[in-house]
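Only one structure is covered here, and it is reproduced in the block below.
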Amino acid sequence: MKSILRKSILYKSGISSLDYAMNPVLGCAHGCRYPCYAWLMAMRFGKVKSYTQWIQPAIVSNTLELLEKELQKWHWKIRHVQLCLTTDPFMVGYPEVRQLSLESIRMINQNGISCGILTKGVLPPELAELDQRNSYGISLVSLDEEFRKKWEPGAAPYQERIDALRYLHSKGMHTWVHMEPYPTPNIISQDLKEILEEISFVDSIDFGRWNYSSMISHFPDSNGFYRAMEEQVRTFCESHGIEY
Ligand code: SF4
Numbered sequence: 640m641k642s643i644l645r646k647s648i649l650y651k652s653g654i655s656s657l658d659y660a661m662n663p664v665l666g667c668a669h670g671c672r673y674p675c676y677a678w679l680m681a682m683r684f685g686k687v688k689s690y691t692q693w694i695q696p697a698i699v700s701n702t703l704e705l706l707e708k709e710l711q712k713w714h715w716k717i718r719h720v721q722l723c724l725t726t727d728p729f730m731v732g733y734p735e736v737r738q739l740s741l742e743s744i745r746m747i748n749q750n751g752i753s754c755g756i757l758t759k760g761v762l763p764p765e766l767a768e769l770d771q772r773n774s775y776g777i778s779l780v781s782l783d784e785e786f787r788k789k790w791e792p793g794a795a796p797y798q799e800r801i802d803a804l805r806y807l808h809s810k811g812m813h814t815w816v817h818m819e820p821y822p823t824p825n826i827i828s829q830d831l832k833e834i835l836e837e838i839s840f841v842d843s844i845d846f847g848r849w850n851y852s853s854m855i856s857h858f859p860d861s862n863g864f865y866r867a868m869e870e871q872v873r874t875f876c877e878s879h880g881i882e883y
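Spelled out as structure tokens, the structure:
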């Protein structure tokens with residue numbers, strides 16, 4: 640795997656003044672084609688030159704060294720760290736990324752700070768042994784493997800994502816599903832209820848539209864469609880005691 644060095648690793652996530660994020664990798668082998676917002680930004684700011692380069696990720700080899708230094712200096716003003724906003728902490732096919740993310744989460748937790756994890760990979764079972772205040776999420780917008788192969792070609796199969804999340808839930812961890820970018824029926828015709836039933840064990844669900852592509856505008860009344868889907872998610876969550 641390629642590697643790079645960085646000058647810093649933690650940065651304000653913009654969610655609140657106490658919330659930070661870190662990305663121990665540049666690029667992402669999952670190669671989502673919606674397209675991926677992180678890839679668009681990496682292209683715009685000249686961090687990568689192409690999609691081909693984006694899907695050949697480079698690990699930040701001085702991550703732990705930077706993290707230790709920055710936590711020592713700033714731990715008192717950090718409440719929460721999100722992994723990740725511009726890559727995937729449990730990237731399929733990269734055990735070194737998995738290992739580095741686990742070690743980073745452990746180090747952050749040892750400083751009394753919780754982590755929020757979001758992946759399209761497989762959440763490792765070892766996470767169940769870490770800080771109970773952490774929250775573990777998967778991105779999931781379909782159950783159809785043909786859809787996944789087309790739009791999230793390098794990511795983990797849906798069932799593997801769900802099973803790993805279910806395991807962490809069974810161990811008492813806080814779990815959530817990020818349903819974004821949810822496709823309109825001209826991209827795939829599917830039943831939202833089936834997806835919701837499959838993840839009905841989680842603590843929290845958030846739902847978002849398919850952005851950064853003109854495809855949804857080809858569907859007549861995409862606004863009406865999304866209003867109906869949002870209502871369905873709200874009703875489902877309320878009847879199952881799930882935050883949304
Ligand atoms: S998993 Fe996330 S970071 Fe990776 S390509 Fe897909 S959307 Fe981008």
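Residue numbers (the working numbering): 640 to 883.
Cβ atoms here follow ideal geometry from the backbone N, Cα and C, with glycine treated the same way.
query = What residue range is occupied by the uninterrupted alpha helix (DSSP H) comprising W815?
reply = Careful: W815 lies outside any alpha helix (DSSP H), inside the beta strand (DSSP E) at 813 to 821.
message = Measuring straight from C-alpha to C-alpha, what distance separates L705 and T823?
response = Going from the Cα of L705 to the Cα of T823 covers about 42 Å.
message = Considering only DSSP beta bridges, list what V720 is partnered with.
response = For V720, which the question treats as bridged, DSSP gives the partners Y659, C754.
ask   = Any Cβ of chain D within less than 7 Å of the Cβ of L644?
value = Any reference to chain D falls outside this structure, which holds one protein chain only.
message = Does the beta-carbon of D845, which I'm using as the reference point, lie nearer than 6 Å to any heavy atom of the ligand SF4?
response = Flag unset: Cβ of D845 not near the ligand SF4.
I844 in three-state terms, based on DSSP = Here I844 sits in strand by DSSP.
task = Indicate, with yes or no, if the ligand SF4 has a heavy atom lying under 6 Å from the CB of K641.
result = K641 Cβ: outside cutoff for every heavy atom of the ligand SF4.
K788 (DSSP reduced to helix, strand or coil) = Here K788 sits in helix by DSSP.
Straight-line gap, N662 to I648 (C-alpha atoms, nearest Å) = Our two residues, N662 and I648, have alpha carbons roughly 7 Å apart in a direct line.
key: Reference K832, options A795, I756, Y676, M818, closest by Cα   = It is M818 whose Cα lies nearest to the Cα of K832.
message = Based on DSSP bridge pairs, tell me the residues matched to V699.
response = Partner(s): I643.
task = Can you list the residues near the ligand SF4, meaning Cβ strictly closer than 5 Å to any non-hydrogen atom, in the order they appear in the chain?
result = Answer in sequence order: C667, H669, C671, C675, A677, D727, K759.
query = By DSSP, does V872 sit in helix, in strand, or in coil?
reply = In the structure shown, V872 falls within a helical segment according to DSSP collapsed to helix, strand and coil.
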